[in-house]
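This report refers to the structure that appears directly beneath it.
Residue numbers (UniProt numbering): 1 to 241.
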């Protein structure tokens, strides 16, 4: 089934396209399911969105759909899942128990929820990669609130890592660098880089989920490790620490 050479619209499909996210779906989803009760509440929506990314990307690239219209609709849903990871990650602070660590709700609404939701609608309507700029706005708002005001180098580097990896992946996708290849091309590199971005994204959300009143009121990390290490090691099968 995953060995077709062309999509329903006639565009070429490299032989290895979609395999990475297919393996991600088969690995990440069972781990999330088995550890469901241990995932901190702020991280839960982002974990669901990441599962959706792997599932819909796999469906788009590994199944030889015959209907061009259906494939286009599925592709739009796939792209919207990436934006769903964005909005669930950056709205995660609103689910923290610590009131001191929550940005004002209207602030999150204006800089995260509304811009990214509008982008999701735009993607579903067929707009291009420019809609992903809303995630830049969301990133800037959360990075300013935590990355520059809380003395936590781990969250800082997770934030920068997400920016670099997701930005590079989007650039490869938008620019189609190197064109189409028979086995592995720009799209496959984009999938690899975005998967690494998802790994760093997961780490960052878990770090954020541990924030307490003491951390946010003093501006420094004085608590124990910012992640539930055992669960995180299970979820990140890539071995990124």
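Note that beta-carbon positions come from the ideal geometry of N, C-alpha and C, so glycine has one too.
Could you check which residue in the options has the C-alpha nearest to that of residue i?
| i | options | result |
| --- | --- | --- |
| residue 10 | 68, 204, 44, 30 | 68 |
| residue 61 | 126, 133, 164, 187 | 187 |
| residue 43 | 171, 119, 94, 138 | 94 |
| residue 209 | 121, 123, 89 | 89 |
| residue 183 | 4, 39, 172, 17 | 17 |
| residue 24 | 192, 212, 215, 204 | 192 |
| residue 158 | 34, 132, 37, 139 | 139 |
| residue 203 | 75, 104, 56, 153 | 153 |
| residue 136 | 22, 160, 155 | 160 |
| residue 132 | 55, 56, 3, 171 | 171 |
| residue 8 | 64, 181, 99, 206 | 64 |
| residue 150 | 104, 129, 100, 176 | 100 |
| residue 214 | 51, 98, 130, 72 | 98 |
| residue 56 | 19, 33, 122 | 19 |
| residue 176 | 129, 217, 143, 216 | 129 |
| residue 245 | 31, 122, 143 | With the chain running from 1 to 241 in the structure shown, residue 245 is simply not present. |
| residue 122 | 164, 181, 96, 73 | 73 |
| residue 82 | 217, 181, 47 | 47 |
| residue 216 | 114, 96, 37, 180 | 96 |
Name the one or two DSSP bridge partners that residue i has.
| i | result |
| --- | --- |
| residue 6 | 12 |
Give me the Cβ distance between residue i and residue j, rounded to the nearest whole Å; I'm assuming they're in contact under 8 Å.
| i | j | result |
| --- | --- | --- |
| residue 84 | residue 110 | Incorrect: roughly 19 Å between the Cβ atoms, too far for contact. |
| residue 162 | residue 200 | 5 Å |
| residue 310 | residue 118 | Lying outside 1 to 241, the shown extent of the chain, residue 310 is not represented and no answer is given. |
| residue 206 | residue 40 | 7 Å |
| residue 156 | residue 103 | Actually they do not touch by this definition, with Cβ atoms about 17 Å apart. |
Could you tell me whether the Cβ atoms of residue i and residue j are closer together than 7 Å?
| i | j | result |
| --- | --- | --- |
| residue 166 | residue 197 | yes |
| residue 108 | residue 91 | yes |
| residue 87 | residue 116 | yes |
| residue 169 | residue 178 | no |
| residue 190 | residue 173 | yes |
| residue 80 | residue 120 | yes |
| residue 124 | residue 76 | yes |
| residue 58 | residue 21 | yes |
| residue 6 | residue 14 | no |
Under 6 Å: does the beta carbon of residue i sit that close to some heavy atom of the ligand GTP?
| i | result |
| --- | --- |
| residue 205 | Absence of the ligand GTP from the depicted structure is noted, as is the absence of any ligand whatsoever, leaving it without description. |
Would you mind listing the alpha helix (DSSP H) stretches within the region 68–135 that are 4+ residues and don't spill past its ends, in chain order? Counting whole runs of 4 or more residues, the region 68–135 contains the alpha helix (DSSP H) stretches 68–90, 105–108, 114–124.
Go through the region 157–217 residue by residue and report every complete run of the beta strand (DSSP E) that reaches 3 residues or more, in order. If we require 3 residues or more, the region 157–217 turns out to have no beta strand (DSSP E) run fully inside it.
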